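Reminder that position 124 of the sequence shown reads as 117 in this note's numbering, one-by-one numbering, no gaps. Some notes on the structure that comes next.
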Amino acid sequence: MISIGDSTLERVTGQLTLTQFRALRIVVGQTPVTMGKVAQELRMNPSSVSRACDRLARLDLLQRAQNPLNKRETLLAPTPRGRQIVDRVDHDRRAVLSAVLDQLEPAARESVVAALKQFAAAAATVAPIMQDANN
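Set out below in structure tokens:
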């Protein structure tokens, strides 16, 4: 599944690192969002996130603005092109995963779907623990 994600990202963007794409995805999903929140979500230091966002801004995928309520904060929002990139990567990943699942026998497909649901539930319980450990 990771190789599907990596190949889709490379095919659609051709120029973004995984970290840059993850930052863009956060910005698209939480608009507007502060640079600090993106760093927290990525579990990265703010200077690394700032460099990633600099590149995204140069590529016209996100825009920065000073937070009018707190002049020390930078707000990030996606450009239409940035939203389009995230939507396209998501669409392509779903299409590839669907094609893979279509190759499986129905019983095998049901087993994979059930296992992925259990995996997602387990991941949801572990994620807060990991986040607490990193804070």
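Backbone N, C-alpha and C define an ideal beta-carbon position, used for all residues, glycine too. The model shown is predicted, which means the values in this text are computed figures rather than measured ones.
query                                                                                        : result
Residue span of the beta strand (DSSP E) that contains P39, given as start and end           : Counting along the chain, P39 falls outside any beta strand (DSSP E), though it belongs to the alpha helix (DSSP H) covering 39 to 51.
Beta-bridge pairing of L69 - partner residues as DSSP gives them                             : V26, R57
Burial state of G75, where buried means 16 or more other Cβ atoms lie within 10 Å            : buried
Local Cβ density within 10 Å of P61, reported as buried at 16 or more and exposed below that : exposed
Nearest-angstrom Cβ-Cβ length linking L54 and I19, presumed shorter than 8 angstroms         : The Cβ separation is near 12 angstroms, so there is no contact.
CA-to-CA distance, Q59 to P73, given in whole angstroms                                      : 20 angstroms
E98 to Q8 span [Cα, whole Å]                                                                 : 37 angstroms
Straight-line Cα distance separating R102 from S91                                           : 10 angstroms
Nearest residue (CA-CA) to L49, options V21, K64, T118                                       : V21
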